[in-house]
DNA sequence: TAACCTAATTTTATCGACAATATGAACACA
DNA sequence: TGTGTTCATATTGTCGATAAAATTAGGTTA
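Protein chains in written order, with our numbering: chain E, 224 to 452; chain G, 224 to 452.
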């Protein structure tokens with residue numbers, strides 16, 4: 224069982240366990256369907272009964288782990304069907320966030336996008352193109368997620384933003400599980416640039432179509448993977 | 224502190240506590256901002272330390288209670304601003320659910336709507352119109368929620384349905400906190416009927432506009448309440 | 001009086017043991 | 001061989017006590 228090493232001193236053990244376990248699930252280190260036995264987790268993550276149980280409870284409430292009453296916890300299954308549902312839903316909801324942001328976004332919103340794109344493009348360039356799964360992936364992922372969140376960050380609904388964060392996390396897991404190099408026949412930097420430009424020009428229709436295209440392409444690539452049930 | 228009485232034998236204490244506490248928060252028996260001290264809850268709900276803590280953890284992960292690290296849990300504040308955000312977001316997301324359902328719904332979906340409307344109209348008629356907050360309210364609420372969920376139940380996204388359920392729960396709390404008779408100058412039965420008819424006739428534009436009008440009217444009524452911060 | 005420090009109290013977070021439940025293996029029987 | 005039953009084991013769920021952290025109250029000084 225893969226385990227994240229304890230990093231910075233978290234406020235308390237439960238939250239620390241929560242974050243590390245979430246990380247290990249979303250990065251795909253813990254495999255779909257794998258059972259999460261309390262006893263083993265306590266050893267692996269070097270914490271106690273109560274904090275780990277609390278972490279699992281919180282994760283299950285957010286759909287990051289699956290729970291069966293009196294039967295324990297496990298890593299959610301990953302099927303092509305649920306991936307399709309996930310991406311479809313993500314398109315629906317991020318479209319709203321993007322349209323609202325384009326309608327309401329202020330200067331600071333534009334700045335957030337410009338900066339997020341800058342860091343994304345930096346990390347895309349510096350990535351080495353051969354070894355798809357390099358250690359820098361995590362950094363790229365953070366920038367990628369940051370960019371997409373910046374786009375919708377002016378929608379004036381923390382609730383919607385939270386939903387998008389959840390969907391992003393789940394998508395991230397499928398991306399990692401698929402084990403496909405993100406450079407497979409694709410110029411993501413250019414896709415992101417076009418998306419950024421359309422957004423900053425407040426061309427909602429174009430921006431939304433770029434966004435959907437972006438996700439649809441990802442979807443199609445991921446579906447070629449045979450790593451799902 | 225108000226407390227739900229233990230009802231049917233729940234699978235385990237943690238889940239039972241979860242549901243009862245959720246109920247007491249959403250019905251407004253526990254007031255916004257009220258601190259949820261573990262010790263008191265254990266006495267009130269007649270359960271142990273661990274199950275109650277687990278219930279609180281799960282509730283906080285879903286935004287039903289607020290948590291501050293090392294400072295405990297409390298009932299979320301209720302402000303007019305967050306109510307506005309909530310209803311806005313709900314309109315956005317349920318619109319999607321409704322449009323998708325209208326596009327994809329099958330016969331069973333139509334049957335669910337017909338039945339849900341039937342029970343809703345029954346409980347609306349039988350409610351006595353004077354005492355706004357009658358014990359039958361909870362029954363009406365269940366039917367009301369059931370009707371709105373039926374409308375979107377053919378959207379083919381369990382994720383979206385789960386989001387709608389969450390938003391519905393939070394809206395329900397504001398409704399209860401406002402303490403406004405639901406018959407204030409309003410014919411809800413007729414609103415629901417028009418919404419149902421437009422939906423069953425697969426007139427997406429009309430149905431969506433009826434839905435939004437329905438929620439906007441609710442919103443305006445709730446905003447007249449002075450029960451929020 | 002107001003600001004600040006310190007100690008007592010309250011409250012949250014965690015631990016280790018125990019109870020309840022589910023799982024799996026061995027065995028009897030058709 | 002296949003099916004059902006019983007008992008041992010493993011796993012989840014709960015309890016009561018303790019440790020850690022925050023809050024409160026009292027007292028001291030300017």
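All residues carry an ideal CB built from backbone N, CA and C; glycine is no exception.
Exercise. Quick one: which unbroken beta strand (DSSP E) runs of 3-plus residues sit fully inside the region 311 to 353 of chain E? Chain order, please.
Key: Those beta strand (DSSP E) runs which fall completely within the region 311 to 353 of chain E and span 3+ residues do not exist here.
Self-check item: Contact test: residue 423 of chain E Cβ vs the ligand MN heavy atom, cutoff 7 Å
Solution: This structure lacks the ligand MN, and indeed carries no ligand of any kind.
Quiz item: In chain order, what residues of the region 230 to 257 of chain G put their CB closer than 7 Å to some CB of chain E?
Solution: Listed in sequence order: 234, 235 and 238.
Quiz item: Does the region 323 to 339 of chain G come close enough to the region 273 to 282 of chain G that 3 or more CB-CB pairs lie under 8 Å?
Solution: No, because fewer than three Cβ pairs between the region 273 to 282 of chain G and the region 323 to 339 of chain G fall closer than 8 Å, the two stretches do not touch.
Quiz item: So residue 390 of chain G packs on residue 294 of chain G, CB below 8 Å; how close in whole Å?
Solution: Locating residue 390 of chain G in the second chain gives position 167, counting from the first residue. Locating residue 294 of chain G in the second chain gives position 71, counting from the first residue. So it is not a contact: roughly 27 Å between Cβ atoms.
Quiz item: Among E:446, E:408 and E:393, which residue has its Cα nearest to the Cα of residue 249 of chain E?
Solution: The residue given as residue 249 of chain E occupies position 26 in the first chain. With distances taken between CA atoms, residue 249 of chain E lies nearest to E:393 out of E:446, E:408 and E:393.
Quiz item: When DSSP labels each residue in this structure, what does residue 409 of chain G get in the three-state scheme?
Solution: Against the second chain, residue 409 of chain G aligns to sequence position 186. The three-state reading of DSSP puts residue 409 of chain G in coil, since its state is none of H, G, I, E or B.
Exercise. Quick one: which residues of the region 373 to 385 of chain G get their C-beta closer than 8 Å to a C-beta of chain E? List them in chain order.
Key: So the list reads 379, 380, 381, 382, 383 and 385, given in the order they occur along the chain.
Exercise. Please list the residues of the region 296 to 322 of chain G that have a C-beta atom closer than 8 Å to any C-beta atom in chain E, keeping them in chain order.
Key: Here the close residues are 308, 309, 311, 312, 315, 316 and 319.
Practice problem: Mind checking who residue 289 of chain E pairs with in its DSSP beta bridge? | Solution: The residue you call residue 289 of chain E lines up with position 66 of the first chain. BP columns for residue 289 of chain E point to E:297.
Exercise. Say whether chain E places a C-beta atom closer than 8 Å to the C-beta of residue 417 of chain G.
Key: If you number the second chain from 1, residue 417 of chain G lands on position 194. Residue contact check for residue 417 of chain G against chain E: no CB pair falls below 8 Å.
Exercise. Mind checking who residue 199 of chain E pairs with in its DSSP beta bridge?
Key: Nothing in the structure corresponds to residue 199 of chain E, since chain E is present only between 224 and 452.
Quiz prompt | Beta-carbon gap between residue 256 of chain G and residue 265 of chain G smaller than 8 Å | solution = Along the second chain, read from residue 1 onward, the residue named residue 256 of chain G stands at position 33. Along the second chain, read from residue 1 onward, the residue named residue 265 of chain G stands at position 42. No; because the gap between Cβ atoms is not below 8 Å, this pair is not in contact.
Quiz prompt | CA-to-CA distance, residue 243 of chain G to residue 322 of chain E, given in whole angstroms | solution = Along the first chain, one-based indexing puts residue 322 of chain E at 99. Along the second chain, one-based indexing puts residue 243 of chain G at 20. Distance between the alpha carbons of residue 322 of chain E and residue 243 of chain G: 39 Å.
Quiz prompt | Members of the region 418 to 439 of chain G that neighbour chain E once the beta carbon cut-off is set at 9 Å | solution = Within the region 418 to 439 of chain G, no residue has a Cβ that lies closer than 9 Å to any Cβ of chain E.
Quiz item: What three-state label does DSSP hand residue 421 of chain G in the structure shown?
Solution: Position 198 of the second chain, counting from 1, holds the residue named residue 421 of chain G. Shown here, residue 421 of chain G sits in a helix according to DSSP, grouped into three states.
Practice problem: On the DSSP bridge assignment, give the partners of residue 258 of chain G in chain order. | Solution: Indexing the second chain from 1 puts residue 258 of chain G at position 35. Checking the DSSP bridge columns, you'll see residue 258 of chain G partnered with G:297.
Exercise. Check whether the Cβ atoms of residue 423 of chain E and residue 318 of chain E lie closer than 8 Å to each other.
Key: As a first step, residue 423 of chain E must be located in the first chain, where it is residue number 200. As a first step, residue 318 of chain E must be located in the first chain, where it is residue number 95. No; because the gap between Cβ atoms is not below 8 Å, this pair is not in contact.
Quiz item: Is it the case that the Cβ atoms of residue 414 of chain E and residue 442 of chain E are separated by a distance below 8 Å?
Solution: As a position in the first chain, residue 414 of chain E is number 191, starting the count at 1. As a position in the first chain, residue 442 of chain E is number 219, starting the count at 1. No, the pair does not count as a contact, with Cβ atoms beyond the cut-off.
Quiz prompt | Coil, strand or helix - residue 268 of chain G by DSSP | solution = As a working note, residue 268 of chain G is residue 45 in the second chain. It is coil, neither helix nor strand.
Exercise. From the DSSP output, in three-state form, read off residue 274 of chain G for me.
Key: Mapped onto the second chain, residue 274 of chain G falls at position 51. Three-state result, residue 274 of chain G: helix.
Practice problem: Below 9 Å between beta carbons is the criterion; list the residues of the region 324 to 342 of chain G that meet it against any residue of chain E, in chain order. | Solution: Hits within the stretch: zero.
Quiz item: For residue 252 of chain G, which three-state DSSP category applies?
Solution: The residue you call residue 252 of chain G lines up with position 29 of the second chain. Secondary structure at residue 252 of chain G: coil, using DSSP grouped into helix, strand and coil.
Quiz item: So which residues on chain E does residue 260 of chain G lean against when the C-beta distance must stay under 8 Å?
Solution: For the purposes of this step, residue 260 of chain G is taken as the residue at position 37 of the second chain. Taking the beta carbon of residue 260 of chain G as reference, no residue of chain E falls within 8 Å; the closest one sits roughly 17 Å away.
Quiz prompt | Under 8 Å by beta carbon: chain E residues contacting residue 280 of chain G | solution = Counting from 1 along the second chain, the entry for residue 280 of chain G is found at position 57. Within chain E, the residues near residue 280 of chain G are 237, 277, 280, 281 and 284.
Self-check item: Residues that residue 293 of chain G contacts on chain E, provided the C-beta gap is smaller than 8 Å
Solution: For the purposes of this step, residue 293 of chain G is taken as residue 70 along the second chain, with counting starting at 1. Neighbours of residue 293 of chain G on chain E, chain order: 234 and 235.
Practice problem: Please classify residue 356 of chain E: is it buried, with 16 or more other beta-carbons within 10 angstroms of its beta-carbon, or exposed? | Solution: On the first chain, position 133 is the one that residue 356 of chain E refers to. Its pLDDT being 49, under 50, residue 356 of chain E is placed unreliably in this model, and the value from its coordinates should be taken loosely. Residue 356 of chain E comes out exposed.
Quiz item: For residue 273 of chain E and chain G, any beta-carbon pair shorter than 8 Å?
Solution: Here residue 273 of chain E corresponds to residue number 50 of the first chain, with the count starting at 1. At least one C-beta of chain G is nearer than 8 Å to the C-beta of residue 273 of chain E.
Exercise. Could you spell out where the alpha helix (DSSP H) holding residue 364 of chain E opens and where it closes?
Key: On the first chain, residue 364 of chain E is found 141 positions in, with the first residue counted as 1. Where residue 364 of chain E is concerned, the enclosing alpha helix (DSSP H) stretches over 360 to 375.
Quiz prompt | Inter-residue spacing [alpha-carbon to alpha-carbon] between residue 331 of chain E and residue 307 of chain G | solution = Taking the first chain and counting its residues from 1, one reaches residue 331 of chain E at position 108. Taking the second chain and counting its residues from 1, one reaches residue 307 of chain G at position 84. Our two residues, residue 331 of chain E and residue 307 of chain G, have alpha carbons roughly 23 Å apart in a direct line.
Quiz item: In the structure shown, what three-state DSSP assignment does residue 447 of chain G receive?
Solution: As a position in the second chain, residue 447 of chain G is number 224, starting the count at 1. Residue 447 of chain G: coil per DSSP, three-state reduction.
Exercise. If I'm right that residue 403 of chain E touches residue 448 of chain E with Cβ under 8 Å, what's the distance once you round it to whole angstroms?
Key: As a first step, residue 403 of chain E must be located in the first chain, where it is residue number 180. As a first step, residue 448 of chain E must be located in the first chain, where it is residue number 225. Between residue 448 of chain E and residue 403 of chain E the Cβ distance is about 6 Å, and since that is below 8 Å, they are a contact.
Quiz item: For residue 403 of chain G, which three-state DSSP category applies?
Solution: Here residue 403 of chain G refers to the residue found at position 180 when the second chain is read from its first residue. Coil, per DSSP.
Quiz item: Looking at the structure shown, is residue 452 of chain E part of a helix, part of a strand, or coil, going by DSSP?
Solution: Locating residue 452 of chain E in the first chain gives position 229, counting from the first residue. It is coil, neither helix nor strand.
Quiz prompt | Reference residue 251 of chain E; option with closest CA among E:315, E:444 and E:396 | solution = Indexing the first chain from 1 puts residue 251 of chain E at position 28. The shortest Cα separation from residue 251 of chain E among E:315, E:444 and E:396 belongs to E:396.
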